[in-house]
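Enquirer: Residue numbers (full-length UniProt numbering), protein chains in the order written: chain W, 1 to 247; chain H, 1 to 373.
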Amino acid sequence: MTADAGTGHAIDGDAILRIRDLDAGYGDLQILSDVVLDVADGEYVTIVGPNGAGKSTVMKTVFGLTTHMGGTVEFEGKSIQGLAPERIIREGVGFVPQNDNVFPGLSVRENLEMGAYILDEVPEDQIETIYDRFPILRERSDQKAGTLSGGQRQMVAMGRALMLDPDLLLLDEPSAGLAPDLVSDMFDRIDRINDSGTAVLMVEQNAKEALRRCDRGYVLVNGENRYTDRGDVLLADEDVRRDFLGG
Amino acid sequence: MGTTDSSIVDSARARPGLLFVALLGGLLLVDLAAKLAGVGLGPIGGSISVDRLGSNLWNGVVIGLVIGLAGIGLSMTYSILSFANFAHGDLVSVGAFSGWGVAFLIAGLGDVSVRALLTVRDAGNASPGDIGAHILTTPGAILVGLLAAFVVTALLAVALDRAFYKPMRDRDGISLLIASIGAALIVRYLLQFVYGSDRRGITASVDASNLAFDPLGLSVNAHELTILVAAVGLMLAMHGMLQHTKLGTAMRAMADNKDLALITGIPAERVVTATWIIGGGLAGASGYLYVLLRGTIQFDFGWLLLLLIFAAVILGGIGSVYGAIVGGLVIGVVFTTSTIWIPSDFNQAAAFGVMILMLLLRPEGLFGGVTTT
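#1: With 16 other CB atoms within 10 Å as the buried threshold, where does ASN125 of chain H fall?
#2: What's the gap between the Cα of TYR131 of chain W and the Cα of ARG212 of chain W?
#3: Helix, strand or coil for MET254 of chain H? Go by DSSP, reduced to three states.
#4: Which one of W:ILE19, W:GLU173, W:ASN194 and W:VAL200 has the shortest CA to CA distance from GLY49 of chain W?
#5: My output table needs one value for ASN194 of chain W: the three-state DSSP class, helix, strand or coil.
#6: Where do the ends of the beta strand (DSSP E) carrying ILE19 of chain W lie?
#7: Starting from ARG160 of chain W, find everything on chain H with Cβ-Cβ shorter than 8 Å and list it in chain order.
#8: Quick one: residues in its chain with C-beta nearer than 6 Å to the C-beta of GLN98 of chain W, no 5 flanking neighbours on either side, listed in chain order?
#9: Relative to the C-alpha of ALA183 of chain H, which residue among H:ASP170, H:TYR195 and H:LYS166 is closest?
#10: Cα separation between SER55 of chain H and SER219 of chain H?
#11: Taking its Cβ as the centre, do 16 or more other Cβ atoms sit within 10 Å of THR203 of chain H, making it buried, or is it exposed?
#12: Provide the residue(s) that pair with VAL39 of chain W in DSSP beta bridges, ordered along the chain.
#13: Please confirm whether ASP4 of chain W has its beta-carbon closer than 8 Å to some beta-carbon of chain H.
#14: Enumerate in chain order the residues of its own chain whose CB-to-CB distance from LEU168 of chain W is below 8 Å, with the five nearest sequence positions on each side excluded.
#15: Which residues, in order along the stretch 238-256 of chain H, keep a beta-carbon less than 8 Å from a beta-carbon of chain W?
#16: Of all the residues that make up the stretch 187-207 of chain W, which are near chain H by a beta-carbon distance shorter than 9 Å?
#17: Name the one or two DSSP bridge partners that TYR44 of chain W has.
#18: Taking Cβ positions only, does PRO267 of chain H come closer than 8 Å to chain W?
#19: Quick check on the DSSP output: the alpha helix (DSSP H) that includes ASN222 of chain W runs from which residue to which?
#20: For MET59 of chain W, name the three-state secondary structure that DSSP assigns.
#21: Kindly indicate if chain H contains any beta-carbon less than 8 Å away from that of GLY115 of chain W.
#22: Per DSSP, which one or two residues make a beta bridge with LEU32 of chain W?
#23: Buried or exposed: THR147 of chain W, going by 16 or more other Cβ atoms within 10 Å of its Cβ?
#24: Using Cβ-Cβ distances below 9 Å, what residues of the stretch 31-46 of chain W are close to chain H?
#25: From which residue to which residue does the beta strand (DSSP E) around MET69 of chain W run?
#26: Just the Cα atoms here: how many angstroms apart are LEU22 of chain W and ALA161 of chain W?
#27: Taking just the CA atoms, how far does ALA145 of chain W sit from ASN225 of chain W?
#28: By how many angstroms is the C-alpha of LYS258 of chain H removed from the C-alpha of GLY27 of chain W?
#29: Assign PRO135 of chain W to buried or exposed, taking buried as 16 or more other Cβ atoms, counted over all protein chains shown, within 10 Å of its Cβ.
#30: Between GLN152 of chain W and ARG133 of chain W, is the Cβ-Cβ spacing less than 8 Å?
#31: Less than 8 Å separating the beta-carbons of GLY328 of chain H and GLY68 of chain H?
#32: What number of angstroms, rounded off, separates the C-alpha of LEU357 of chain H from the C-alpha of LYS35 of chain H?
#33: Indicate the three-state DSSP secondary structure (helix, strand or coil) for ASP12 of chain W in the structure shown.
#34: If we call anything under 8 Å between Cβ atoms a contact, is ILE80 of chain W one with GLY223 of chain W?
#35: Could you list which residues in chain H have their beta carbon closer than 9 Å to that of PRO166 of chain W, in chain order?
In structure tokens form, the structure reads like this:
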């Protein structure tokens with residue numbers, strides 16, 4: 001293998017999310033083996049790779065939604081292995097899944113309120129912050145989320161995950177199902193979320209755009225690490241381009 | 001004129017069943033009008049008094065409210081836990097027995113042995129009339145009984161969940177359904193063991209308890225009014241809870257999407273427990289009110305009522321709380337007004353007939369796909 005892209009998957013400094021030698025899957029079916037992945041504080045990291053590479057499985061494993069078979073997952077120095085999703089949220093991780101990521105029968109505001117369920121009081125200032133970030137949601141506040149367009153629904157889903165002002169936001173295919181002219185708006189929004197200090201770990205089918213925007217990228221193949229490097233380095237790498245980015 | 005005609009014909013071709021139901025419904029209405037007017041036209045028409053129609057409708061509304069109240073819990077547990085709980089009817093019975101036991105205890109303490117009172121039995125020479133459970137003579141006992149019915153049934157529902165359903169939370173709906181039939185049998189025959197299997201009278205009759213509404217020719221008794229007030233009150237409280245509290249919003253969220261609720265940080269088990277408390281409590285309250293309406297109690301009446309409750313919930317769109325209420329009213333009114341046309345032995349069949357028509361024409365039910373919970 002003559003790739004220039006790096007094959008050292010860990011970072012040198014401190015990482016807020018630290019995954020080591022992770023084996024995980026569903027039931028008896030192992031998907032990930034020996035996955036190593038770091039996200040530094042405030043960093044923007046994407047995972048790319050072919051279908052079935054286990055990209056989404058990494059995220060679900062961080063949230064304890066898969067069968068853990070070995071290795072460790074640490075967040076801010078604490079093991080979050082085996083914690084209930086409720087606890088992981090409390091530690092400061094937000095998750096926007098790929099499909100069905102809003103409660104269709106609840107209003108936009110109620111969707112956001114559910115994101116802060118673990119707090120005793122509804123954090124009005126945080127709702128305002130999210131409305132400032134996504135002004136269309138303020139207009140649609142009382143509308144049922146199920147009646148919104150795909151792009152607006154994605155905003156509700158992100159807003160819900162941002163309600164507790166997480167240190168790390170997990171985004172699973174945020175551009176999936178969006179009309180092409182909305183995709184770059186969506187990436188702009190993710191940039192702004194990251195600019196405000198939230199670390200982002202994103203799985204994205206739209207690999208070129210994702211690598212162009214992120215700080216670092218991981219290429220996953222068959223549930224294993226293949227390449228890890230800065231986004232622009234991966235984009236420029238010939239092997240990566242040929243094998244994973246369609247030339 | 002051509003366009004309207006052809007569009008009607010087209011839609012009739014597309015939905016022949018709808019046309020059939022519309023024709024049948026129209027025919028019944030014409031027949032009803034003819035009966036009210038006292039005109040006989042061959043097979044249709046005849047005579048029926050406005051009074052009788054009015055009292056049929058009123059009785060239907062009262063029964064419908066009781067069925068709808070019971071249906072709320074069935075629909076909630078279906079939407080949040082994804083299984084049809086066949087033990088729900090027996091929760092209705094438990095509410096009736098426990099609630100009336102407490103009501104009797106308060107109404108008859110001192111005169112009759114506590115054991116006889118709590119087991120809702122005639123004891124020695126004390127008949128239900130002597131114990132005197134009636135809203136006009138012992139309103140306090142009746143109200144505390146209602147509360148007791150709610151609380152005891154809610155606790156039992158949570159206990160059944162912990163014992164049977166919680167360990168099976170990840171199983172599919174069919175396994176849980178079969179487990180619930182087992183739970184239903186256990187509860188039903190425990191009731192028979194404790195309370196006996198005889199049908200017995202519960203409420204006292206009190207003279208002058210009927211309030212006549214003359215203009216309509218409607219005679220409404222105090223127990224029916226009590227049911228109306230209690231059921232509507234509980235339904236409004238339910239509505240307020242679902243729409244305006246954090247717990248209610250979380251219930252709607254879980255009914256919408258359980259997986260998302262989990263990763264959003266909604267504590268699923270606490271919401272499930274609250275669902276059993278409210279759904280079970282309402283089932284118990286409805287059983288208690290049903291006995292207030294009928295005046296008699298028997299260990300398996302809730303099980304027999306369960307079919308009508310299911311019919312109401314399916315009619316309204318299973319999973320929808322508001323659908324359960326509306327479905328209950330429709331089933332109740334069909335149940336009582338169908339006796340205008342068919343012998344009263346068959347009125348239950350009429351109620352199921354309406355449910356089957358609904359399943360054929362609009363399988364998702366009245367509120368299905370429109371609102372969750």
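Idealized CB from N, CA, C, for every residue including glycine. All of these numbers come straight from a predicted model, not from anything done at the bench.
Expert: Based on what the coordinates show:
#1: Residue placement at ASN125 of chain H is flagged as unreliable, the pLDDT there being 48, under the threshold of 50; the coordinate-derived value follows with that caveat. It counts as exposed.
#2: In this structure, the alpha-carbon of TYR131 of chain W lies about 28 Å from that of ARG212 of chain W.
#3: If DSSP states are grouped into helix, strand and coil, MET254 of chain H belongs with the helices.
#4: Relative to the Cα of GLY49 of chain W, the nearest Cα in the group W:ILE19, W:GLU173, W:ASN194 and W:VAL200 belongs to W:GLU173.
#5: Reduced to three states, the DSSP call for ASN194 of chain W is helix.
#6: 17-26 is the span of the beta strand (DSSP E), which, as asked, contains ILE19 of chain W.
#7: Correct list: THR264.
#8: ASP172, GLU173 and ALA176, listed in sequence order.
#9: When each option's Cα is compared against that of ALA183 of chain H, the closest is H:LYS166.
#10: Rounded to the nearest angstrom, the gap between the Cα atoms of SER55 of chain H and SER219 of chain H is 7 Å.
#11: Around the beta carbon of THR203 of chain H, 16 or more other beta carbons sit within 10 angstroms, so the residue counts as buried.
#12: Beta-bridge pairing links VAL39 of chain W to W:LEU17.
#13: Here the model assigns ASP4 of chain W a pLDDT of 48, short of 50, so the residue's position is not dependable and the matter cannot be decided.
#14: Taking C-beta separations shorter than 8 Å and ignoring five residues to either side along the sequence, the partners of LEU168 of chain W in its chain run ILE16, LEU17, VAL39, PHE75, GLY92, VAL93, GLY94, THR198, ALA199, VAL200 and LEU201, following chain order.
#15: Identification of residues in the stretch 238-256 of chain H having a C-beta nearer than 8 Å to some C-beta of chain W yields LYS246, THR249, ALA250, ARG252, ALA253, ALA255 and ASP256, given in sequence order.
#16: When C-beta distances to chain H are compared with 9 Å, every residue of the stretch 187-207 of chain W stays at or above that value.
#17: For TYR44 of chain W, which the question treats as bridged, DSSP gives the partners W:VAL200.
#18: So yes, PRO267 of chain H belongs to the interface.
#19: Neither: ASN222 of chain W is in no alpha helix (DSSP H) and is coded neither H nor E.
#20: Correct three-state label for MET59 of chain W: helix.
#21: Closer than 8 Å: yes.
#22: Paired residue(s): W:ALA24.
#23: Using a 10 angstroms sphere on the CB of THR147 of chain W, the tally of other CB atoms stays under 16, which defines it as exposed.
#24: Against chain H - using a Cβ distance shorter than 9 Å - the stretch 31-46 of chain W contributes no residues.
#25: Here the beta strand (DSSP E) through MET69 of chain W covers 67-75.
#26: Looking at the two C-alpha atoms, the distance is approximately 25 Å.
#27: Going by the C-alpha atoms only, they are around 37 Å apart.
#28: Using only the alpha carbons, I get a separation of about 20 Å.
#29: With fewer than 16 other Cβ atoms within 10 Å, it is exposed.
#30: In this structure, GLN152 of chain W keeps its C-beta atom at 8 Å or more from the C-beta atom of ARG133 of chain W.
#31: Yes, the Cβ-Cβ distance between GLY328 of chain H and GLY68 of chain H is below 8 Å.
#32: Counting only the Cα atoms, LYS35 of chain H lies some 25 Å from LEU357 of chain H.
#33: Collapsing the DSSP output to three states places ASP12 of chain W in coil.
#34: Judged by their CB atoms, ILE80 of chain W and GLY223 of chain W are not nearer to each other than the 8 Å cut-off.
#35: For PRO166 of chain W, no chain H residue has a Cβ inside 9 Å of its Cβ, as the nearest lies near 11 Å away.
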